[in-house]
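Student:
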Amino acid sequence: MLTGLLPGGPPICLSGWPAGAGLARAGALARPRRHHPGRVRYRRQVPGPPEPRPAELAAGRGTFPFGTAVTRADLDAGLHPVLARLRAAEPVSWLPVLGGWLVTSRELALRVLRDGAAFTVDDPRFSTARVVGPSMLSLDGAEHGRHRAPFSHGFSHREIRSRLAGYVTAEADRLVAGLAPAGAADLRLGLAAPLAAAVMAQALGLGEADPGTLLGWYSAIVAAVSDLAGAPDALVSPAGAAAFRMLDASLREVIRSSGPGQSLLADSARDALAGAGVTSGPAGSGPRTGSPVTSGHPTGGLATSEVVSNAAVLLFGGIETTEGMISNVIWHLLRHPDQLAVVRADPGLIPAAVEESVRLEPAAAVVDRYATRDTRIGAAVIRRGDLVTVSLAGAGRDPAVFPAPDTFDVRRPNARAHLAFAHGPHFCLGAHLARLEVQAALRAVLRLPGLRLDPGRPSAPRGLVFRKPPSLAVRWDGTAAR
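Residues in the sequence shown are numbered from 584 upward in steps of one, following our numbering.
#1: What residue range does the beta strand (DSSP E) around W684 cover?
#2: Taking C-beta to C-beta, are S739 and G788 nearer than 8 Å?
#3: Mind listing, in chain order, the continuous alpha helix (DSSP H) runs of no fewer than 4 residues lying wholly within the stretch 709 to 788?
#4: Is the beta carbon of A786 closer than 8 Å to that of L847?
#5: Alpha carbon to alpha carbon, how far is M908 from D810? Give it in angstroms, no decimals.
#6: In the DSSP output, which residue or residues are listed as bridge partners for A947?
#7: Buried or exposed for Q845, please, with buried defined as at least 16 other CB atoms from any protein chain shown within 10 angstroms of its CB.
#8: Between the alpha carbons of R668 and V653, how many angstroms are there, rounded?
#9: Mapping the DSSP letters down to three states, classify L669 as helix, strand or coil.
#10: With a CB to CB cut of under 7 Å and the five nearest residues on each side skipped, what residues in its chain are close to F991?
#11: Hey, out of A976, D981, A983 and R956, whose CA is closest to L970's CA?
#12: Where does T646 land, buried or exposed, given buried means 16+ other C-beta within 10 angstroms?
#13: Which residues does DSSP list as the beta-bridge partners of A954?
#14: Can you give me the start and stop residues for the alpha helix (DSSP H) that R689 sits inside?
#15: Do three or more CB pairs link the stretch 1009 to 1022 to the stretch 897 to 912 at distances below 8 Å?
#16: Under a three-way DSSP split, which group does V819 fall into?
#17: To the nearest angstrom, how far is it from the Cα of T958 to the Cα of A1003?
#18: Determine the closest residue to S851 out of L885, A825, A935 and R694, with distance taken between C-alpha atoms.
#19: Rounded to a whole number of angstroms, what is the C-alpha to C-alpha distance between T972 and R853?
#20: The alpha helix (DSSP H) that contains T972, what's its start and end?
#21: For A1043, which residues from the same chain have a beta carbon less than 8 Å from its beta carbon, with the 5 sequence-adjacent residues on both sides left out?
#22: Does the distance from the CB of V1057 to the CB of L1036 come in under 8 Å?
#23: Which residues does DSSP pair with W677 in a beta bridge?
#24: Would L774 and V751 be called neighbours here (beta carbons separated by less than 8 Å)?
#25: If you draw a straight line from the C-alpha of R1050 to the C-alpha of H663, how long is it?
#26: Tell me, please, whether the stretch 886 to 895 touches the stretch 993 to 1010 by the rule of three or more beta-carbon pairs shorter than 8 Å.
#27: So what's G828 in DSSP terms, helix, strand or just coil?
#28: Per the contact definition of three or more C-beta pairs closer than 8 Å, is the stretch 821 to 836 in contact with the stretch 768 to 783?
#29: Measuring CA to CA, which of L681, H1009 and R713 is closest to A817?
#30: What separation, rounded to the nearest whole angstrom, lies between the Cα atoms of I838 and A849?
#31: Only counting the same chain, and skipping five residues up and downstream in sequence, which positions put a Cβ closer than 6 Å to that of G1061?
#32: Just verifying my parser: in three-state terms, what is the DSSP assignment at V1021?
#33: Mind checking V929: buried by the 16 CB within 10 Å criterion, or exposed?
#34: What whole-angstrom Cβ distance do G1007 and R697 have, given they're in contact under 8 Å?
#35: Does the distance from the CB of S974 to the CB of T651 come in under 8 Å?
#36: Of the choices V665, R655, W684 and D657, whose alpha-carbon is the least far from that of A962?
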């Protein structure tokens, strides 16, 4: 649903990234016992089968000619035709290019996402935890619940609307007003990215931080996670460690200094820390007293370091996937002038347009799970330890559920049956906030007269894991474009 998600682990689309967005696909590293950026000790958490020899990989898995023929280029630029072919012939297929299974049917996707006993995110190959520490993004079962529960109330529909709706609307309007005189802009860089970063900073109490600084931390941490994927002996890069230390210090200061009602993060942390019997210490020091589970708190409580880890994945997940959602819905409407006219005539259809857009192009297009035991999905025999990637993009265009699945129709009655925010225990925690931001951005930008794509700078969503246009060049009337 650091969907940028952070490569190496599940997106929490905010969560958005939806938890489990497929970021790292190799490397059997273990989760750190204690998080020390730059110096990490590992333990194996989920014992896996011996690493198979290449000749063994296909043995016993059946024959999957369509999946075997798929290339990286197919999954990047030509994704949807590939998914359609797989869904029709091999709805669960072995793709050597991914080193795992790809599930493209909505029915079978739901089976995987709902069965947390057979398919987990809690796997040693998850490299995001090696940089930011274990979090709701990388845990399952009771531990996942303990990490997620303190944040659930703050990101509920009611809390998001009451605490952030005014800010989100004002910030979207401010950004569009700043662009208006130019008559042309790249809306991904000029609207989608800065709005997503500003809103997440506001939600977590970092509203005074420079957006450029936040995005710099984001880039350094993403690069560090990417470098660790599949590299068992690698240490966290100095730049990644430094970026996380600065983010850690900023988040700890928010937790320490914010009063009730001033920050969703601080309010969530207050009860979590009280439940653990800890107080927040200096940056990098961890909790002063107690352990993560020391009381009868319904979630078991969290240590300060655990609160920071979860806040980090919320921050970065919210930037990446929301930016993609905003860019994609604007692109869809401008590509379909008939649907744009319908929405302009009835702005009440803006929420429906957002749902139809995320059905067609979920910003976090896949989520990863790992098989905890030998099992079967459809005709596929899954082995314990196998990577099972669920294509949310494929599920959203399943013709068994969505008639004319490739058509963008803002009046589609069942558009919300998409799985763009994932499903089950890892349903996107930030779904309400993401929807609020995308709707506010769309309302603001549709006030620009004659808004249209720039024919001289065409673009389109691309990518297997995260789907968005590399740029979104547009023009509008009223002021001469530069």
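For glycine and all other residues, C-beta sits at the position ideal for the given N, C-alpha and C.
Tutor: With the structure as the only source:
#1: G683 to V686
#2: Between S739 and G788, the CB-CB gap reaches or exceeds 8 Å.
#3: Here the runs fully enclosed are 711 to 715, 724 to 735, 740 to 762 and 776 to 786.
#4: yes
#5: 27 Å
#6: F1049
#7: exposed
#8: 10 Å
#9: helix
#10: Result list for F991: H915, H919, Q922, E939 and L943, in chain order.
#11: R956
#12: Flag for T646 reads exposed.
#13: F702
#14: R689 to R697
#15: yes
#16: coil
#17: Looking at the two C-alpha atoms, the distance is approximately 25 Å.
#18: L885
#19: 36 Å
#20: First-last for T972: L970 to S974, but that is the beta strand (DSSP E), not the alpha helix (DSSP H).
#21: W914 and P1052
#22: yes
#23: W684
#24: no
#25: 11 Å
#26: no
#27: It is Arg, not Gly, that sits at residue 828 in the sequence shown. DSSP places R828 in helix when its eight states are reduced to three.
#28: no
#29: R713
#30: 5 Å
#31: P1032
#32: Reduced to three states, the DSSP call for V1021 is helix.
#33: Before going further, note that residue 929 is Asp rather than Val in the sequence given. Flag for D929 reads exposed.
#34: Cβ-Cβ separation between G1007 and R697: approximately 5 Å, consistent with a contact (criterion under 8 Å).
#35: When the beta-carbon positions are compared, S974 and T651 stay at least 8 Å from each other.
#36: W684
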